[in-house]
Amino acid sequence: MDNAIPIFKPWVPEWGVKVILFLLVLPSIVLFFLPMANVNAAAGYYGSEPADIQFAVALFYAGYVGFYSLERRFFTYLATREYFILFTFLQILTSLVCYHTREIYILFPVRFVQGMLFSCTVNLSLTLMFTRLRSERAREISFSVFFGLLLCAMPFNNFVTADLIDAFNFNIVYKGALFSYLPCLVLLLLAMNNVRLNVRFPLYKLDWQSFAMYSVALCLVGYIMIYGQEYYWLGDPRIRYSVLGIVGLGALFMLRQRAMKRPYIDLRVFRYRNFRVGLLVLFVMYICRFASGITNSYFVSVLRFDPMHLSYINLFNLAGLTAGVIIACAMTLQQKRIRYIWLPGFFLLLVFHVQMYFGFDVQADEFNYFLPLFIQGLGVGMIMVPTIIYAISAVPVSLGVSAAAACLAVRYLGFVVSIGIINYFELFGKSRHYNAFQDHLTKTEPVVRQALQEQAGHLAARGLAHAQSVKGAHKMLVADINRQGQLRFAMDYYEMMAVLIMSTLLLIALFPYLNRTTAYLRSRRLSPA
């Protein structure tokens with residue numbers, strides 16, 4: 016690949032090329048976490064459970080991860096413009112299907128296909144972007160912009176779709192996604208030449224077996240993590256068979272990779288110590304990052320914020336993510352030691368969890384949470400991009416694609432495992448606190464009796480009959496207990512996350528060789544995960 020190949024027509028300026036390539040990626044990034052823009056609205060529209068909506072996002076992620084390595088063969092087979100047009104048209108078609116369907120079991124396979132198409136979009140557009148950037152500074156900035164967009168997808172989606180979902184049915188968001196692809200399609204037709212970046216290779220010996228085994232295993236991991244708590248984990252045959260399937264497919268996949276001359280994912284990347292450390296830090300960061308979902312649940316269930324109000328508050332988190340990515344990009348360009356990037360990043364996450372631990376309350380002003388949300392975004396933004404660059408740069412350039420694929424898989428695992436951990440601790444945490452409250456709240460307790468009488472009196476003063484006011488007082492007491500259970504669970508979980516972050520900070524501080532390690536991009540042809 017070289018700039019001498021006239022990929023774009025001569026009249027298109029260089030800045031216009033970059034704008035077209037990023038405009039092509041942006042709708043797909045928005046589509047990534049779109050079902051989670053409003054989980055309750057999506058679940059109500061499809062007549063499903065919130066777990067089904069989470070699984071729809073996991074399937075998109077699994078399609079992205081599973082198809083990442085196989086996609087490169089199609090990348091070399093098709094001419095650039097026809098390849099762009101093909102998968103952009105397919106994205107429009109899948110968005111149209113999502114717009115018209117109300118069946119969750121139709122949505123699931125379509126979301127997986129959208130993840131595969133997202134892999135095509137990312138690989139080709141960012142590879143073209145990287146080959147047009149001459150300096151290391153420009154490549155680092157482009158890398159940071161892409162991952163910054165990916166990090167900002169959830170709060171951005173919440174902000175732009177809150178008013179739409181409030182005024183229309185949930186599927187209106189897919190209609191918006193559908194039309195967002197049309198400008199990209201028109202620009203591609205006008206601005207690109209139909210040229211090839213490589214010599215055309217026939218599509219034979221496609222390693223579809225590895226793709227199938229890998230993708231099915233990823234989907235099963237997501238299924239177990241999302242539905243495991245609901246089905247009582249290994250007590251349900253569906254979970255047991257899924258675990259057996261993962262073990263069997265994982266063993267076959269590794270044996271196949273060791274035996275192949277050109278493996279789907281080269282397992283030699285795991286021999287490098289810095290790479291393994293980078294994966295561990297990335298996994299921990301993702302576990303801590305998605306704990307912010309508990310904060311959003313607290314805002315909705317305890318403080319009673321509506322979705323639009325919640326989306327406006329999360330703009331502070333969006334601002335923190337943007338600032339964190341910019342700071343991390345600047346430090347990476349200055350080739351700062353990775354320890355000096357990780358330590359402040361995880362320290363900011365620790366500050367966020369401690370602040371929220373003491374900030375959880377049944378009544379609070381919204382401005383109390385502006386700074387914690389900004390700090391959380393700042394910490395995540397500082398950690399993610401340098402960690403991926405650090406991990407990929409820890410292996411030889413020839414293994415860069417496999418390293419990027421492994422980083423992508425770890426990010427997926429961090430996403431679904433965080434959901435599984437939250438579901439597990441939420442059930443037992445709420446139950447434990449609910450039972451503890453029940454042990455002390457009985458009708459014979461003078462404080463409880465007085466509270467019920469006062470609440471019934473307030474309801475009766477508003478026009479309710481005596482019997483209805485008594486029942487209403489009891490229901491309000493149960494609702495207060497549930498809110499307290501949610502509150503105590505959130506505090507317990509954030510306490511556990513704070514301990515995890517402190518352990519990570521100690522490990523980073525105690526590993527002496529990290530003081531001599533920097534993160535930098537070795538290759539102009541690096542494909543980002």
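Using this note's numbering, the letters of the sequence shown correspond one by one to residues 16 to 544. The C-beta atom is built at its ideal place from N, Cα and C for all residues, glycine as well.
CB of residue i within 7 Å of CB of residue j, strictly
| i | j | result |
| --- | --- | --- |
| residue 264 | residue 255 | no |
| residue 280 | residue 420 | yes |
| residue 38 | residue 140 | no |
| residue 170 | residue 55 | no |
| residue 142 | residue 299 | no |
| residue 73 | residue 431 | yes |
| residue 239 | residue 257 | yes |
| residue 365 | residue 513 | yes |
| residue 71 | residue 126 | yes |
| residue 377 | residue 498 | yes |
| residue 361 | residue 391 | no |
| residue 35 | residue 206 | yes |
| residue 85 | residue 284 | no |
| residue 130 | residue 75 | yes |
| residue 132 | residue 105 | yes |
| residue 80 | residue 409 | no |
| residue 53 | residue 180 | yes |
| residue 322 | residue 196 | no |
| residue 506 | residue 314 | no |
| residue 516 | residue 433 | no |
| residue 22 | residue 136 | no |
| residue 343 | residue 292 | no |
| residue 297 | residue 193 | no |
Residue i: first and last residue of the uninterrupted alpha helix (DSSP H) it sits in
| i | result |
| --- | --- |
| residue 226 | 223 to 242 |
| residue 270 | 252 to 274 |
| residue 318 | Unbroken run through residue 318: none, as it is neither H nor E. |
| residue 249 | Looking at the DSSP string, residue 249 is not in any alpha helix (DSSP H), and its letter there is neither H nor E. |
| residue 391 | 385 to 408 |
| residue 51 | Per DSSP, residue 51 belongs to no alpha helix (DSSP H) and is neither H nor E. |
| residue 339 | 330 to 348 |
| residue 289 | 288 to 304 |
Cα-Cα separation, residue i to residue j
| i | j | result |
| --- | --- | --- |
| residue 114 | residue 386 | 37 Å |
| residue 326 | residue 177 | 7 Å |
| residue 347 | residue 262 | 38 Å |
| residue 286 | residue 353 | 20 Å |
| residue 509 | residue 444 | 12 Å |
| residue 501 | residue 451 | 13 Å |
| residue 277 | residue 134 | 20 Å |
| residue 426 | residue 340 | 17 Å |
| residue 359 | residue 31 | 36 Å |
| residue 491 | residue 334 | 37 Å |
| residue 398 | residue 163 | 11 Å |
| residue 237 | residue 422 | 17 Å |
| residue 294 | residue 406 | 7 Å |
| residue 338 | residue 389 | 9 Å |
| residue 167 | residue 269 | 34 Å |
| residue 446 | residue 440 | 10 Å |
| residue 495 | residue 379 | 15 Å |
| residue 226 | residue 234 | 12 Å |
| residue 68 | residue 349 | 41 Å |
| residue 436 | residue 266 | 25 Å |
| residue 525 | residue 504 | 32 Å |
| residue 82 | residue 316 | 38 Å |
For residue i, the three-state DSSP class (helix, strand or coil)
| i | result |
| --- | --- |
| residue 354 | helix |
| residue 185 | coil |
| residue 23 | strand |
| residue 543 | With a pLDDT of 40 at residue 543, under the threshold of 50, the predicted position of this residue should be treated as unreliable, though the coordinate-derived value follows. Coil at residue 543, not helix or strand. |
Suppose only complete runs of 4+ residues qualify. What are the alpha helix (DSSP H) ranges in the stretch 75 to 147, listed by chain order?
Here the runs fully enclosed are 86 to 92, 95 to 115 and 119 to 146.
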